[in-house]
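Enquirer: Mind looking over this structure? Questions follow.
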Amino acid sequence: MKCRLLTMLFIVFSFFTILGCGSDEEEHNTAPVINSFKASSAGVGAGSQVTLIVLAMDAEKDPLTYTYQPSAGTIRGTGDRVTWIAPATEGSYVIEVNVSDGELSAKSFIVIPVVSPIIEAERIVYQVELGEFNSQIYMMEPDGKNQIQLTHQGANYEPSLSPNGKMIAFANDDGLNVMNADGTAARWLLNPDHISGISWSLDSSKLLLCVGSFNSDIYIFALDGSNFQKIILPQKDGLILDAAWSADGKKIILAMGPLLQYEIYTMNSDGSNMMRLTDFTPDALCAEPSWSPDGKQILFVLRDLETRTGYVMTMSNDGNNIQRLVKGEDPAWSPDGLRIVYAAEDEEGDFEIYTIGVNGIGKKQLTSNFLDDRDPFWGIAKIGGVNQIATAHPTPPLEK
């Protein structure tokens, strides 16, 4: 009897011991850990395919299941490596993954921007005067289509596309500014007294500026802020109205002279070897000079002081072969040097944007409104593309 009782006690003790061990095993089961959740591309075009890779582990080495939930688009495949088909609409999309061992789970999500491909095309940037102290920078195609507003506050003027097509420099009451070619990420650079004649260096790292209202000087400004250098002119004569680099950066062209007696000069980029090219005073003044892309011709405005009428003019780089093309202001070259964009008054007295052949033929009106459109600049713009990075965001382990 005593032996049978001991046997029963041993069986009961063993049973509860086994139950206790099982309970300990459940308490020690841990959730999977997601070490990384990555996409094969930081940003994609509409409808593109992206490989998603999850690196997860489970301490107990339990089999893991992967469940994906995209905010848009389609998931193809199963397991820790799948394909996401991006939607057709631009935007930032969230893809969530849930990794489970059957009892516990962990989550993470990734954000992938779907963007338009980079477009590299000719564009004209210009200023539109929307009201008093309200002038904004716009962009359009060379035929006048797709006019897009890039800035939205303040009085902005003199936009200029960088040679690499990525940036637009412009001036406003706060000083010198630069933004992406699509109008994003505008930033202030410096605030000198009155800016005119903004011109880019060939490598898009520096800007040439005329600074000052009544006794202006020419400065070179490095975009990284490392340099703001005044160019010393041994033969300076009066006010410098406008200045621009040649395409190769070796020469500078400028309009300079006493008040209302401005003529066109050229010089080396360090200020040496200055040469006067025009002689129109006292009947007219010269302004807004620029080199043709090949450096063989010079574009400028000749303003009749009696009638106050401006004319778009060209001449050879030595000052000869002066030609009057059309009545207008604010001229700039096309990238190939075959056409010129400029501003001129229409029949209602509003300034609109036009283009014309360098031979004075083929005039075409690009804008038509009851506002003044000024300061056109014709260049190559790179618009669109990836400007965001896909990032993964783990969340704490969750019980199933």
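Heads up: the sequence shown is residues 4 to 403, going by our numbering.
Built from N, CA and C at the ideal position, the CB exists for glycine as well.
1. Quick one: using the 10 Å Cβ neighbour count with 16 as the cut-off for buried, is T92 buried or exposed?
2. Apart from the five residues on each side of it in sequence, which residues of its chain come closer than 6 Å, Cβ to Cβ, to S202?
3. In whole angstroms, what separates the C-alpha of D185 from that of S337?
4. Less than 8 Å between the CB atoms is what I'm expecting for A384 and A124, so what's the real figure, rounded?
5. Where does the unbroken beta strand (DSSP E) through G134 begin, and where does it stop?
6. My understanding is that D378 touches D349, with C-beta atoms under 8 Å, so please give their C-beta distance in whole angstroms.
7. Count the other C-beta atoms from every protein chain shown that fall within 10 angstroms of the C-beta of D61, then say buried if there are 16 or more, exposed otherwise.
8. At what residues does the beta strand (DSSP E) containing L58 begin and finish?
9. Excluding the 5 residues flanking Q72 on each side, which residues of the same chain have their C-beta closer than 6 Å to its C-beta?
10. How about L226 and K209: do their beta carbons lie closer than 8 Å?
11. Taking the C-alpha atoms as reference points, what is the distance between Q150 and L164?
12. For N175, which three-state DSSP category applies?
13. Just to confirm the assignment: which complete alpha helix (DSSP H) runs, minimum length 4, are found wholly within the segment 215-281?
14. Determine the contact status of V47 and I115, defining contact as a CB-CB distance below 8 Å.
15. By alpha-carbon positions, which one of Q264, G168, R84 ends up nearest to D206?
16. According to DSSP, which residues form a beta bridge with N180?
17. Below 8 Å on the Cβ atoms is my guess for L341 versus G360; work out the distance and round it to an integer in Å.
18. Thinking C-alpha only, which one of D83, S95, D220, Q264 is nearest G274?
19. Tell me which residue opens and which closes the beta strand (DSSP E) that S208 is part of.
20. Mind checking whether A59 and V85 have CB atoms under 8 Å apart?
21. Could you tell me which of F112, D104, V117, V102 sits nearest to S1, measuring between CA atoms?
22. Pull up the distance between the alpha-carbon of K233 and that of G147, whole angstroms please.
23. With C-beta atoms as the reference, is I127 less than 8 Å away from I171?
24. Mapping the DSSP letters down to three states, classify I383 as helix, strand or coil.
25. Would you report the Cα separation of T317 and Y129, rounded to the nearest angstrom?
26. In the structure shown, what three-state DSSP assignment does P338 receive?
27. Residue range of the beta strand (DSSP E) that P116 falls in?
28. Measure the beta-carbon distance from L193 to F224 and round it to whole angstroms, keeping in mind my assumption that it falls under 8 Å.
29. In chain order, what residues of the same chain have a beta carbon less than 8 Å from the beta carbon of N180, not counting five sequence neighbours either side?
30. Can you name the start and end residues of the beta strand (DSSP E) that K366 belongs to?
Expert: In short:
1. Here residue 92 refers to the residue found at position 89 when the sequence shown is read from its first residue. T92 comes out exposed.
2. Within the sequence shown, the letter at position 199 stands for residue 202. Contacts found: L211, A247, W248.
3. In the sequence shown, residue 185 corresponds to position 182, counting from 1. In the sequence shown, residue 337 corresponds to position 334, counting from 1. Each residue's alpha carbon lies about 19 Å from the other.
4. The residue you call residue 384 lines up with position 381 of the sequence shown. The residue you call residue 124 lines up with position 121 of the sequence shown. With a beta-carbon spacing of about 7 Å, A384 and A124 fall inside the 8 Å limit used to define contacts.
5. The sequence position of residue 134 within the sequence shown is 131, counting from 1. Bounds of the beta strand (DSSP E) holding G134 are 122-134.
6. The count along the sequence shown starts at 1 and reaches residue 378 at position 375. The count along the sequence shown starts at 1 and reaches residue 349 at position 346. Not confirmed; about 17 Å, so no contact.
7. Translated into positions along the sequence shown, residue 61 becomes position 58. By the neighbour-count rule (16 or more Cβ atoms within 10 Å), D61 is buried.
8. The residue you call residue 58 lines up with position 55 of the sequence shown. If you look at L58, you'll find it in the beta strand (DSSP E) that goes 52-60.
9. Taking the sequence shown and counting its residues from 1, the one referred to as residue 72 is at position 69. Around Q72: E99.
10. The residue given as residue 226 occupies position 223 in the sequence shown. The residue given as residue 209 occupies position 206 in the sequence shown. Remark: C-beta atoms of L226 and K209 approach each other more closely than 8 Å.
11. Here residue 150 refers to the residue found at position 147 when the sequence shown is read from its first residue. Here residue 164 refers to the residue found at position 161 when the sequence shown is read from its first residue. So the two alpha carbons sit approximately 16 Å from each other.
12. By 1-based counting over the sequence shown, the position of residue 175 is 172. For N175, the three-state secondary structure derived from DSSP is strand.
13. Assignment of alpha helix (DSSP H) within the segment 215-281, counting only whole runs of 4 or more residues, yields no such run.
14. On the sequence shown, position 44 is the one that residue 47 refers to. On the sequence shown, position 112 is the one that residue 115 refers to. In contact: V47 and I115 (Cβ atoms closer than 8 Å).
15. On the sequence shown, residue 206 is found 203 positions in, with the first residue counted as 1. G168 is the residue among Q264, G168, R84 whose C-alpha sits nearest the C-alpha of D206.
16. Mapped onto the sequence shown, residue 180 falls at position 177. Under the DSSP definition of a beta bridge, N180 partners with F173, W191.
17. Locating residue 341 in the sequence shown gives position 338, counting from the first residue. Locating residue 360 in the sequence shown gives position 357, counting from the first residue. Confirmed, about 7 Å.
18. Here the question's residue 274 lines up with position 271 in the sequence shown. When only C-alpha atoms are compared, the closest one is D220.
19. Position 205 of the sequence shown holds residue 208. Following the DSSP letters along the chain, one finds S208 in no beta strand (DSSP E), marked with neither H nor E.
20. Locating residue 59 in the sequence shown gives position 56, counting from the first residue. Locating residue 85 in the sequence shown gives position 82, counting from the first residue. No, these two residues do not count as a Cβ contact at 8 Å.
21. Lying outside 4 to 403, the shown extent of the chain, residue 1 is not represented and no answer is given.
22. Here the question's residue 233 lines up with position 230 in the sequence shown. Here the question's residue 147 lines up with position 144 in the sequence shown. C-alpha separation (whole angstroms): 38 Å.
23. The residue labelled residue 127 in the question sits at position 124 within the sequence shown. The residue labelled residue 171 in the question sits at position 168 within the sequence shown. No, they are not a contact pair.
24. As a working note, residue 383 is residue 380 in the sequence shown. Here DSSP, grouped into helix, strand and coil, assigns I383 to strand.
25. The residue given as residue 317 occupies position 314 in the sequence shown. The residue given as residue 129 occupies position 126 in the sequence shown. So the alpha carbons of these two residues sit roughly 21 Å apart.
26. Stepping through the sequence shown from its first residue, residue 338 is reached at position 335. Coil.
27. As a first step, residue 116 is located in the sequence shown; it is residue number 113 there, counting from the start. Segment 107-117, the beta strand (DSSP E) holding P116.
28. The residue given as residue 193 occupies position 190 in the sequence shown. The residue given as residue 224 occupies position 221 in the sequence shown. At roughly 7 Å, the Cβ-Cβ gap stays under 8 Å, so L193 and F224 are in contact.
29. Taking the first residue of the sequence shown as position 1, residue 180 is located at position 177. Excluding five sequence positions before and after N180, the CB atoms of its chain that fall closer than 8 Å to its own CB belong to N159, A172, F173, A174, A189, R190, W191, L192, given in chain order.
30. Stepping through the sequence shown from its first residue, residue 366 is reached at position 363. Premise fails: K366 is in no beta strand (DSSP E) and is neither H nor E.
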